[in-house]
Amino acid sequence: MAASSERIAMRARRWLRLATAVLCGAFLVALTLVTVVDVIGRYLLSSPLPGAAEYTEILLMAIVFVGLPAVCLDDGHVSVDLLTAGLKGVAERIQLNLARLVVAVVLGLVSWQLWNHGAQLDSYNEVTVYLRAPLGPFAKATAVITGVCAVVTFVMAVLRLPKSDGGGV
């Protein structure tokens, strides 16, 4: 039973990592296109892309938060292991799962604060300057993604999944 649930979790990890990589790649291509069109328009045609700065900000936000699940799945958070670098075997697995639990709690708190911020932006009807895009839904979407990452990281700790190699799909 445990091997079966681990196999399912590893397969889900692989597919989620693939989906985030494809989506982040699409956002990067869109960001490149926005930049190219804006630069060509600005310097060759004297007509920059209207709202280019806001498109850039939104796409960067999307890249960061869509990529967050891949970071969580790969245990790729920045960490300092001065005291734990020498751990091996059981101690290393315990440290990994405790770190995952801490990350899950922190991501949960960040998600909660992002949701509150999104609600505040909604209450003010806050929008971007040029595109007039409402900002609340963007903040709430990042809150949901961060919350999902908290749950995924918690499940990885509970199931005691081995550390990902971080490579490939």
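In this text, residue positions in the sequence shown follow my numbering: the first is -19, and each later residue adds one. For glycine and all other residues, C-beta sits at the position ideal for the given N, C-alpha and C.
With respect to the C-alpha of S103, the residue from V85, C129, K120 having the closest C-alpha is K120. Around the beta carbon of I125, 16 or more other beta carbons lie within 10 angstroms, which makes this residue buried. In the displayed model, P30 falls within coil according to three-state DSSP, outside both helix and strand.
The beta carbon of L141 lies closer than 8 Å to those of E(-14), A(-11), M(-10), R(-7) in the same chain, with the five residues before and after it left out. As computed with DSSP, V107 is found in a beta bridge with P114.
Contact between V46 and T0 holds, since their C-beta atoms are separated by about 6 Å, short of 8 Å.
CA-CA distance, V131 to L111, rounds to 34 Å. Across the set L8, W92, V138, W(-5), the C-alpha of V138 shows the shortest separation from the C-alpha of Q75. When DSSP states are grouped into helix, strand and coil, D18 belongs to the helix group. Counting only the Cα atoms, P30 lies some 11 Å from V109.
Counting the other Cβ atoms within 10 Å of the Cβ of S91 gives 16 or more, which makes it buried. Burial is judged here by how many other beta carbons sit within 10 angstroms of a residue's own beta carbon; I38 has at least 16 and is buried.
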